[in-house]
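Protein chains in written order, with this note's numbering: chain A, 1 to 205; chain B, 1001 to 1205. The C-beta atom is built at its ideal place from N, Cα and C for all residues, glycine as well. No experiment lies behind these values; they were computed from the predicted model shown. Following: one structure in structure tokens, then a few remarks.
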DNA sequence: GTCTATAACGAGATAGAC
DNA sequence: GTCTATCTCGTTATAGAC
């Protein structure tokens, strides 16, 4: 059963509280604030207070909020991409890869965070254009990775589904993002695990 | 095929641009603003400008933003509930009911809106408590209706799925909310229809 | 019920000393 | 690279005239 595998898979972190065990950086603090409260729900003052510095100091490193936001998505996307590459190295079975992919999301949710780009997807219309483009890239990258896994799994006979890989990949991204979105106000991590488990089970051959 | 039915089902509106064909009300304008930009992404000034009145006039009807937000969710939930009741009256087949449910979401998305409570789910942590409770009620009501449909469909042999109705209902809500969330920045209504169609097809007996 | 006026506050941002 | 000080603007909200 896919759900069992999924629960056994070791954690590959997307969440980084601190850069490498040191003091949290501006990006670390801003990231968790955006994931919990949204880009329109936090301010330079929030970041500054958390780091015990002044707002002016934050402006020295990131001239404007749009710059900070862009850097946030880039770093998140890079870290996510690295986690996907690590999955490719560590696991061979495509069902296990999908389970590990879902676990990436779960690891974010248990920290009471929404996926950064899921959160920004909600606020999409209010974002500076550079941030909008960066959010699109994030989803495109996820889509590409999932299509490769789905294609491989189908060829090897470990995954089964109708229609193009692209359609199946869309459902997986949507399902996991939606499960995170709804789980925070309603149902919690348990709800996420149920939805993710059922979702992926539908692709197991 | 479920997808075909789903495309043929007539529209039951959740979106109301104007109350009943008259001039748009404060709630009408505020609703679309929240659905497009989020609760933290609009202001009294935006509503006032759209209605060609002053901010003070809005405060006369809704003393604070929290009051406006609460009224918004209540009305949306009532309208959604009425749409679900209308589906129950109009349709008998539970597969068609699920398709009509998905079409409710699609009707919101084509107007470039996110589900009101999906949007508020993202901003959940920043909302006044009364609004948080109202968002939870919305999801609980959806959950309840879906469970009844799933239960009936399984008993009649038109729907098939493993495990409790509650788990299946969670996946449906999550999948549709997520498909809406991601579709706006990435993929559009086409993406939503693909994801929704595949999602519901998995429940067809 | 809508207006003008304004208060009170916070957000994003900059200048310039240290 | 961080600070103090300040500026400008938008936002929520209220007082009181019409």
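Between residue 1121 of chain B and chain A, is the shortest Cβ-Cβ distance under 8 Å, so that the two count as touching? Locating residue 1121 of chain B in the second chain gives position 121, counting from the first residue. For residue 1121 of chain B, the answer is yes, since a Cβ of chain A falls inside 8 Å of its Cβ.
Interface partners of residue 176 of chain A on chain B, CB under 8 Å: In the first chain, counting from the first residue as 1, residue 176 of chain A sits at position 176. Under the 8 Å cutoff, chain B gives 1178.
To the nearest angstrom, how far is the alpha carbon of residue 1059 of chain B from that of residue 1053 of chain B? For the purposes of this step, residue 1059 of chain B is taken as the residue at position 59 of the second chain. For the purposes of this step, residue 1053 of chain B is taken as the residue at position 53 of the second chain. Roughly 11 Å separates the two Cα atoms.
Using 8 Å as the threshold, is the C-beta distance between residue 70 of chain A and residue 1041 of chain B below it? Sequence index remark: in the first chain, residue 70 of chain A carries index 70 (1-based). Sequence index remark: in the second chain, residue 1041 of chain B carries index 41 (1-based). Their beta carbons are not under 8 Å apart, which means residue 70 of chain A does not touch residue 1041 of chain B by this criterion.
Opening and closing residue of the alpha helix (DSSP H) in which residue 1170 of chain B lies: Within the second chain, numbered from 1, the residue matching residue 1170 of chain B stands at position 170. Residues 1165-1183.
What are the residues in the stretch 1127-1142 of chain B lying within 8 Å of chain A by C-beta distance? 1132, 1135, 1136, 1139 and 1140
The stretch 1175-1184 of chain B / the stretch 1077-1095 of chain B touching (three or more Cβ pairs under 8 Å): no
Is the stretch 1151-1161 of chain B in contact with the stretch 1132-1143 of chain B, if contact means three or more CB pairs nearer than 8 Å? no
Let me know if residue 185 of chain A comes out buried or exposed under the rule of 16 or more other beta-carbons within 10 Å of its beta-carbon. The residue you call residue 185 of chain A lines up with position 185 of the first chain. Residue 185 of chain A comes out buried.
For residue 148 of chain A and residue 1197 of chain B, what's the separation of their Cα atoms in angstroms? Along the first chain, one-based indexing puts residue 148 of chain A at 148. Along the second chain, one-based indexing puts residue 1197 of chain B at 197. Going by the C-alpha atoms only, they are around 22 Å apart.
Give a yes or no on contact between the stretch 109-129 of chain A and the stretch 1110-1129 of chain B, applying the rule of three or more CB pairs nearer than 8 Å. yes
On a Cα-Cα basis, can you pick out the residue from B:1191, B:1091, B:1193 and B:1018 that is closest to residue 1075 of chain B? In the second chain, the residue the question calls residue 1075 of chain B occupies position 75. The option with the nearest alpha carbon to residue 1075 of chain B is B:1018.
Short CB-CB distance (under 8 Å) between residue 184 of chain A and chain B: Sequence index remark: in the first chain, residue 184 of chain A carries index 184 (1-based). Output row for residue 184 of chain A: interface = yes.
Going by the DSSP bridge assignment, what does residue 204 of chain A pair with across the sheet? For the purposes of this step, residue 204 of chain A is taken as residue 204 along the first chain, with counting starting at 1. DSSP output for residue 204 of chain A lists A:159 as bridge partner(s).
Compute the beta-carbon to beta-carbon distance between residue 66 of chain A and residue 168 of chain A, rounded to the nearest angstrom, for a pair I have assumed lies under 8 Å. For the purposes of this step, residue 66 of chain A is taken as the residue at position 66 of the first chain. For the purposes of this step, residue 168 of chain A is taken as the residue at position 168 of the first chain. With a Cβ gap of about 35 Å, residue 66 of chain A and residue 168 of chain A do not count as contacting.
Range of the contiguous alpha helix (DSSP H) that encloses residue 1117 of chain B: Position 117 of the second chain holds residue 1117 of chain B. That run of the alpha helix (DSSP H) goes 1116-1122.
Closest Cβ-Cβ distance between residue 1006 of chain B and chain A: below 8 Å? Position 6 of the second chain, counted from the first residue, corresponds to residue 1006 of chain B. Residue confidence is low: residue 1006 of chain B scores 45 on pLDDT, short of 50, so the model does not pin down where it sits. Its coordinate-derived value is still stated next. For residue 1006 of chain B, the answer is no, since every Cβ of chain A falls outside 8 Å of its Cβ.
Residues in its own chain within less than 6 Å of residue 24 of chain A by CB, not counting five upstream and five downstream? Against the first chain, residue 24 of chain A aligns to sequence position 24. Counting only Cβ-Cβ distances below 6 Å, and skipping sequence neighbours, we find 18.
So with Cβ pairs under 8 Å, would you call residue 1031 of chain B a contact of chain A? Residue 1031 of chain B sits at position 31 when you count from the first residue of the second chain. For residue 1031 of chain B, the answer is no, since every Cβ of chain A falls outside 8 Å of its Cβ.
Quick check: what's the CA-CA separation for residue 1127 of chain B versus residue 1033 of chain B? Walking along the second chain from the start, residue 1127 of chain B turns up at place 127. Walking along the second chain from the start, residue 1033 of chain B turns up at place 33. Whole-angstrom Cα-Cα distance: 16 Å.
Which two residues bound the contiguous alpha helix (DSSP H) that contains residue 80 of chain A? If you number the first chain from 1, residue 80 of chain A lands on position 80. Run containing residue 80 of chain A: 65-90, per the alpha helix (DSSP H) assignment.
Output, in chain order, the set of chain B residues within a Cβ distance shorter than 7 Å of residue 36 of chain A. Against the first chain, residue 36 of chain A aligns to sequence position 36. Residues of chain B passing the Cβ test: 1125.
Residue 1036 of chain B and residue 1113 of chain B - do their beta-carbons sit closer together than 8 Å? Locating residue 1113 of chain B in the second chain gives position 113, counting from the first residue. Locating residue 1036 of chain B in the second chain gives position 36, counting from the first residue. Going by C-beta atoms, residue 1113 of chain B is nearer than 8 Å to residue 1036 of chain B.
Exposed unless 16 or more other CB atoms sit within 10 angstroms - verdict on residue 194 of chain A: The residue you call residue 194 of chain A lines up with position 194 of the first chain. Under this definition residue 194 of chain A is a buried residue.
Could you have a look at residue 1007 of chain B and say whether DSSP puts it in helix, strand or coil? For the purposes of this step, residue 1007 of chain B is identified with residue 7 of the second chain, where counting begins at 1. At residue 1007 of chain B, the pLDDT of 45 sits below 50, so the modelled position is not reliable and the matter cannot be decided from this model.
Pick out whichever of B:1073, B:1166, B:1064 and B:1102 has its Cα sitting closest to the Cα of residue 1282 of chain B. In this structure chain B extends from 1001 to 1205, so residue 1282 of chain B is not present and cannot be described.
Counting only C-beta atoms, is residue 173 of chain A closer than 8 Å to chain B at any point? Start at 1 with the first residue of the first chain, and residue 173 of chain A comes out as number 173. It does; some Cβ of chain B falls within 8 Å.
Taking the straight line between their C-alpha atoms, what separation do you get for residue 202 of chain A and residue 16 of chain A? In the first chain, the residue the question calls residue 202 of chain A occupies position 202. In the first chain, the residue the question calls residue 16 of chain A occupies position 16. Near 31 Å, if we compare the C-alpha coordinates of residue 16 of chain A and residue 202 of chain A.
Residue-level contact to chain A via CB, residue 1102 of chain B, 8 Å cutoff: Counting from 1 along the second chain, the entry for residue 1102 of chain B is found at position 102. Not closer than 8 Å to any Cβ of chain A, the Cβ of residue 1102 of chain B fails to qualify, so no.
Check whether the Cβ atoms of residue 1014 of chain B and residue 1104 of chain B sit closer than 8 Å, and answer yes or no. Working through the second chain from its first residue, we reach residue 1014 of chain B at position 14. Working through the second chain from its first residue, we reach residue 1104 of chain B at position 104. Their beta carbons are under 8 Å apart, which means residue 1014 of chain B touches residue 1104 of chain B by this criterion.
Go ahead and label residue 175 of chain A buried or exposed: buried means 16 or more other beta carbons lie within 10 angstroms of its beta carbon, across all protein chains shown. Residue mapping note: residue 175 of chain A aligns to position 175 of the first chain, counting from 1. Buried, because 16 or more other Cβ atoms sit within 10 Å of the Cβ of residue 175 of chain A.
Presumed contact (8 Å Cβ cut-off) between residue 91 of chain A and residue 30 of chain A, rounded CB distance: Your numbering for residue 91 of chain A matches position 91 in the first chain. Your numbering for residue 30 of chain A matches position 30 in the first chain. That pair is no contact at about 32 Å.
So residue 1047 of chain B packs on residue 1110 of chain B, CB below 8 Å; how close in whole Å? What you label residue 1047 of chain B is simply residue 47 of the second chain in a count that begins at 1. What you label residue 1110 of chain B is simply residue 110 of the second chain in a count that begins at 1. The Cβ separation is near 23 Å, so there is no contact.
Status (buried if at least 16 other CB within 10 Å, exposed otherwise) for residue 1049 of chain B: Looking up residue 1049 of chain B in the second chain gives position 49. Under this definition residue 1049 of chain B is an exposed residue.
Select from B:1146, B:1136, B:1044 and B:1039 the residue whose C-alpha is nearest the C-alpha of residue 1097 of chain B. The residue labelled residue 1097 of chain B in the question sits at position 97 within the second chain. For the residues B:1146, B:1136, B:1044 and B:1039, the minimum Cα distance to residue 1097 of chain B belongs to B:1146.
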